[in-house]
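Trainee: This is the structure, below, for whatever I ask next.
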Amino acid sequence: MAEAAYGHRFIDPVHREEITAIFLKYYHECQTKTASVKCLINSISRFVLLVSCQTVKPIPFQKICNNMVGVLKRLKPVLDDIMDYNVPLHENLCIVCEELDIRVNEARDFIEKWGPKMSKIYSVLQSGTLLIKIQNTSLDICHMIVKSLLSPPSASVLANLQHYIEELQCLKKETAMVFIEKELENRNIEPCNENLKEIIELLNLTSNQELLNETIAVEKERLNAGEHKVKGNMEEINQVVNLVRNLRDYVVKTEYFAVESDVSFPPYFRCPLSLELMLDPVIVASGQTYERQSIQKWLDHGLNVCPKTRQRLTHTNLIPNYTVKAMISTWSDENNTNCLSNSEHNTGNVFEEQKGDNSFGSHVEIEKWELQSPYIHSRSESFSSSISSSDCLLAVSKDVSRMSDKHQNVKVSSVDPGGMENGGNNNSNTTNSYLGVDSHLVSNSGFSELTTSSHVNKLIKDLRSQSIEAQTSAAEELRLLTKHNTENRIIVGQCGAITHLLSLLYSDAKVTQEHAVTALLNLSINEDNKALIMEAGAIEPLIHVLKAGNDGAKENSAATLFSLSVMENGKAKIGRSGAVKALVELLASGTIRGKKDAATALYNLSIFHDNKARIVQAGAVQFLVRLTDPADGMVDKAVALLSNLSTISEGRLEIAREGGIPSLVEIVESGSQRGKENAASILLQLCLHSSRFCTLVLQEGAVPPLVALSQSGTPRAKEKV
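First residue of the sequence shown? That's 1 in UniProt numbering, and the numbers climb one at a time after it.
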């Protein structure tokens, strides 16, 4: 009996180890299954919280997110009951719970990364696919739990579970996704117009602007997929690209947006990208013609293929298509329409010759001009005013050597410490102003002669010296060496002087600082040096000079920022850096020359759309409105920049708030031809977007001068009127 009662003490050791191993394995499996369920419950809770905190999304996408929440919210109580009642779990439940956990986390990542600039079509497809995966995996879990409900404690779970299964089986795809998939699966030669119409309406692609945004968004998705080399994604995105193309063709064929514009015009006058009448047609590298504003938006998003031909664009210069513009103008006159007056884009203004991307109509590229020009900045008239003259600009590009020789003969009687001329021949000053030379340093000093690498290296050694006198002397000599001589700029840049000159921008010696920043300005004329200066981190030191330098240094710092902004991505980088605020401060309180340089730099930065809001937020408008006073001699520059800023709502509001309308009406009446064009353009923007602003314009007596301008103004001014 004792042996029977205590027989377990006499179990064979081998058998005892086997029994223990079996028990531990069973215990481990139970723990693993339980852990998988707990992990899934936590993921569901986090997902539900995320969706509840997200901002509003497009309706179809929001519906899909809500359906995901609905599916997971109903599953969570079932999983909680499983844990509470210790229901025996199916052997594969652990695997399926882990799979659903992965799906939930994928959906969470997608929603967290989603932004309003993403493609609506692709967002619906991706989120809809995730919903289907979550739905199917949830059904698998439910079926496995049903098989596990064998003991009485689990019976109370059954009713909720069966109802949940019925709901899952009845859940249908979001309507927009159904029509998108129908069209993607359509193998017919012709797309189904009914499907296309439904997609447009369900995704709210009901304007040319919305369709343009969708086109850009899909192209960016395609670009990202290509960079990550995901074959499946690329195939799907290519299908979406074709779908968007079909949507655009449908809109053109059926004149779907004709009611919006209320003007019917020949399809060949329609921009292939924006689908609107081309008011400022330009030619891209592929030879295709687009509306300037829409193709510039395309390029600003980093897209470097032709929207129509899919060719890679070898450059981003935009060449005006005057032939097409003339045809549209003729058609408009013959059909007695005023569609050209609806143009929102600035063309032909006072700064148009400066633009590196040629988007304001000049055939002269600023990069080429700078590469050839002996332009140095510090002088009696600011560099920004000098390049307003297209005649001078063309002359510079034609005969640089002749002008360089000419500069050597210019004499100045005296120079003050700030670099301003106290006297001298007026004709010489004018020449220097228009040619952009460092007039207060022009002499027969011989610094235009070709230097050597060894000599530059010696100067660099002096730049690193602890002696302020040695630093100042070396910086001044580098400034002079790079004033006229193109080859000297290359040698100095290649020798590595840029980094050391940048360090001197933080010098407490103001004269040293001014020589250093002016030398950098001279070096930036060379394209390779531009890149070196940017790579060396020049923006922050230049901002420091704008804030802490003397007048001459501030002016040259602003001009250097302008020069660097000509580079690809330069406008975006400088805009993000905080330079805008410093330039606006110079615009507000600088010398007249400093204000002109600040206005020039800000104008060029405003070409990049995102910078417009930054300029307005920095308070530029109030100072620009003040500068429309003819006494300051900056009317044309101020109005040109205001014209760019008036293309965004914040800019228009500030122009009206700062009392700019009376000044603009006065400029339309008595300003220069360029000033009248830009003032009329601003008034047009104000009137188009606000009846209140329109009333203010009328109250200021704008009609008589506008009528006069319609008779005697330039073609562009007449368009605006």
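Note that beta-carbon positions come from the ideal geometry of N, C-alpha and C, so glycine has one too. Quantities reported herein were computed from a predicted structural model and do not represent experimental measurements.
By Cβ distance below 8 Å, which residues in the same chain neighbour I237 in space, the five residues on each side in sequence not counted?
Mentor: Y122, V218, E221, R222 and A225
Trainee: Quick check on this structure: which residue in N569, L168, K113 and V96 has the alpha carbon closest to the alpha carbon of L72?
Mentor: L168
Trainee: Among residues of its own chain, excluding the 5 on either side of S274, which ones have a beta-carbon nearer than 7 Å to its beta-carbon?
Mentor: N208, L212, E291 and S294
Trainee: For my contact list, L698 and I661 are in at a C-beta cut-off of 8 Å; report their separation, rounded to the angstrom.
Mentor: No, L698 and I661 are not in contact; Cβ-Cβ is about 10 Å, not under 8 Å.
Trainee: First and last residue of the beta strand (DSSP E) that includes E291?
Mentor: T289 to E291
Trainee: With a threshold of 8 Å between beta carbons, is N224 in contact with chain B?
Mentor: The structure shown contains no chain B; it is built from a single protein chain.
Trainee: Flag this pair as yes or no: are the beta carbons of G575 and D610 separated by less than 8 Å?
Mentor: Closer than 8 Å, so yes.
Trainee: Below 8 Å on the Cβ atoms is my guess for T206 versus I200; work out the distance and round it to an integer in Å.
Mentor: 6 Å
Trainee: Based on DSSP bridge pairs, tell me the residues matched to R479.
Mentor: Bridge partners of R479: none, in fact.
Trainee: In the structure shown, what three-state DSSP assignment does R310 receive?
Mentor: coil
Trainee: For S127, I'd like the list of residues in its chain whose CB is within less than 7 Å of its CB, leaving aside the five on either flank, ordered along the chain.
Mentor: Excluding sequence positions up to five before and after S127, its CB lies within less than 7 Å of the CB of F61, I64, C65 and F110, all in the same chain and listed in chain order.
Trainee: Please report the residue range of the alpha helix (DSSP H) in which V492 lies.
Mentor: T486 to Q494
Trainee: Would you identify the three-state DSSP class for R270, choosing helix, strand or coil?
Mentor: strand
Trainee: If contacts are defined as beta-carbon pairs under 8 Å, then N67 and L202 qualify, I think. What distance do you get, rounded to the angstrom?
Mentor: Contact flag wrong, Cβ pair sits at about 15 Å.
Trainee: So, helix, strand or coil for V305, using DSSP?
Mentor: strand
Trainee: Please list the terminal residues of the continuous alpha helix (DSSP H) segment that includes I648.
Mentor: It is not in any alpha helix (DSSP H) - I648 carries neither H nor E in the DSSP assignment.
Trainee: Please report the Cβ distance between L521 and I498, rounded to the nearest whole angstrom; I am assuming they are in contact, meaning their Cβ atoms lie under 8 Å.
Mentor: At roughly 12 Å, the Cβ-Cβ gap does not stay under 8 Å, so L521 and I498 are not in contact.
Trainee: Where does S341 sit, in a helix, a strand or coil, going by DSSP?
Mentor: With a pLDDT of only 47 at S341, under 50, the local geometry of the prediction cannot be trusted, and the value read off the model is given with reservation. Note: S341 maps to helix in three-state DSSP.
Trainee: Run the CB neighbour count on C39, radius 10 Å, all protein chains shown included, and call it buried at 16 or more, exposed below.
Mentor: Label assigned to C39: exposed.
Trainee: Within the present structure, is the beta-carbon of L211 separated from the nearest heavy atom of the ligand HEM by less than 7 Å?
Mentor: You won't find the ligand HEM in this model; it holds no ligand whatsoever.
Trainee: How big is the Cα-Cα spacing for R310 and Y506?
Mentor: 48 Å
Trainee: Among H500, E99, T314 and K113, which residue has its Cα nearest to the Cα of H515?
Mentor: The option with the nearest alpha carbon to H515 is H500.
Trainee: Quick check on I95: buried or exposed, where buried means 16 or more other Cβ atoms within 10 Å of its Cβ?
Mentor: exposed
Trainee: I want to know whether the stretch 666-684 touches the stretch 625-642 - three or more CB-CB distances under 8 Å.
Mentor: yes
Trainee: Please determine if the stretch 549-557 and the stretch 577-592 are in contact, where contact requires at least 3 C-beta pairs separated by less than 8 Å.
Mentor: yes
Trainee: Measuring straight from C-alpha to C-alpha, what distance separates P705 and N569?
Mentor: Straight through space, the alpha carbons of N569 and P705 are spaced by roughly 40 Å.
Trainee: Round the Cβ separation of L184 and L247 to the nearest angstrom and send it over; I've been treating them as touching at under 8 Å.
Mentor: Approximately 12 Å separates the beta-carbon atoms of L184 and L247; this is outside 8 Å, ruling out the contact.
Trainee: Return helix, strand or coil for P116, following the three-state DSSP convention.
Mentor: coil
Trainee: What alpha helix (DSSP H) runs, 4 residues minimum, are completely inside the stretch 671-719?
Mentor: 673-689, 691-699 and 703-712
Trainee: Using beta-carbon positions only, say whether N556 and T518 come within less than 8 Å of one another.
Mentor: yes
Trainee: The alpha helix (DSSP H) that contains V621, what's its start and end?
Mentor: Bounds of the alpha helix (DSSP H) holding V621 are A620 to R626.
Trainee: Evaluate contact between the stretch 448-455 and the stretch 464-476, counting only Cβ atoms and requiring at least three cross-stretch pairs below 8 Å.
Mentor: Cβ pair count under 8 Å is below three, so no.
Trainee: Alpha carbon to alpha carbon, what distance is there between E181 and T137?
Mentor: 22 Å
Trainee: List the whole-angstrom C-beta distance separating V305 from L318, where the pair is believed to meet the contact cut-off of C-beta under 8 Å.
Mentor: Between L318 and V305 the Cβ distance is about 15 Å, and since that is not below 8 Å, they are no contact.
Trainee: Can you round the beta-carbon distance between V584 and A618 to whole angstroms, since I take them to be within the 8 Å contact cut?
Mentor: 4 Å
Trainee: Grab the span of the alpha helix (DSSP H) containing I615 for me, first residue to last.
Mentor: H609 to Q617
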